[in-house]
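In the working numbering, the protein residues as written are 218 to 600.
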């Protein structure tokens, strides 16, 4: 009974955290659409949407490092970012296709080969950089700096592309991108839109959009903290909740993060990509998936590593098992990236055939996670 209850409570907390992250991102979408209303197609998805929707991965890595400390904390962050990267690349396009089919729309997602090639080259390069870093058992501050700088270089490439395409951009009336403010106070409340509750007649402006972005980070931070707490409880052998001693699964945190944490933190990416696809912005929908992965691998891991190692005044020490596991995970992710992006480039779209390929790859990934989790139980038991 204590084991069942010990799993049900964290799962309930994860559900609540997903809802908070979802609603926080829902508010972010209006602000991001306003701020990015004049960006060319494919750039908004790779930058504003990708950064905003990947905030849970960044915050979870930061919270994991300071909450669980050192090796366990980094492994929790790596589990969420690796799992989210797989989820973004394989599950979100499938979710988009099913949504379009449900709405009786064309399920073929058209792509820009130029955008896919841009992100398809950047992603493996950053992935290989991370692999080189994780092969070391001591993760130092300059490793975090290298990852962070790699994302800034990617943003600079986007900036150059934006400058070249700026002359072709059409200035859009800001009234078309009003930040949604529900009429019903109850709807505002359940949407966690407390800003419009306090300022119901506030007009959409650049300042309003920035306020919403800051508010979104605060809301998503709360949801992310709950997510990290729940993942830690599920992975524990025993933990205490409301005076009760409950049993978890007794697994290393990285395994729980890979599936449950990744799925919960990827809610924003899924929602934004599906919304873009329903609006016909297929390029933004897919560029958000790939751009989010670039952000996850470089910035969402790099900056927390840099902050933690500087604050703690020493490196993060990985055990041999976790070091090997982390390298294996990112090798698998690199292979999946190359297969999926190559298929996208060859076909120039995401259709049913690529959807089947993505489904098979994700099933293989899930089987791998089950296998290494069983191996992890053996290693933990022996040690």
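The beta carbon of each residue, even a glycine, is placed where N, CA and C say it ideally should be.
One alpha carbon belongs to residue 289, the other to residue 451, and they sit about 14 Å apart. A Cβ-Cβ distance of about 7 Å is found for the pair residue 292 and residue 469, placing them in contact under the 8 Å criterion. Put simply, the region 434-446 touches the region 227-236. At least three CB pairs are less than 8 Å apart. Each residue's CA atom was taken as its position, placing residue 348 and residue 559 some 21 Å apart. Taking 8 Å as the cut-off, the beta carbon of residue 479 is found closer than this to the beta carbon of residue 297.
Residue 377 is not a Cβ neighbour of residue 523, given a cutoff of 8 Å. A residue is called buried once 16 or more other Cβ atoms fall within 10 Å of its Cβ, and residue 274 is buried on that count. Across the set 570, 453 and 435, the C-alpha of 435 shows the shortest separation from the C-alpha of residue 245. Residue 525 and residue 302 have their C-alpha atoms spaced approximately 22 Å apart.
Counted as a single uninterrupted DSSP element, the alpha helix (DSSP H) harbouring residue 340 occupies residues 330-351. The bridge partners DSSP lists for residue 327 are 566.
Judged by DSSP secondary structure, residue 463 falls within the beta strand (DSSP E) whose first and last residues are 461-464. Residue 298: member of the alpha helix (DSSP H) spanning 287-303, first to last residue.
A direct Cα-to-Cα measurement between residue 570 and residue 326 gives close to 12 Å. Remark: C-beta atoms of residue 589 and residue 542 approach each other more closely than 8 Å. For residue 455, the uninterrupted beta strand (DSSP E) run begins and ends at 455-458, by DSSP.
Per the coordinates, the alpha-carbon of residue 507 lies some 29 Å from the alpha-carbon of residue 284. Under the DSSP assignment, residue 473 falls in the alpha helix (DSSP H) whose first and last residues are 470-473.
Taking every protein chain shown into account, the CB of residue 510 has 16 or more other CB atoms within 10 angstroms, so this residue is buried. In its chain, beyond the 5 residues on either side, 309 and 312 have a beta carbon closer than 6 Å to the beta carbon of residue 487.
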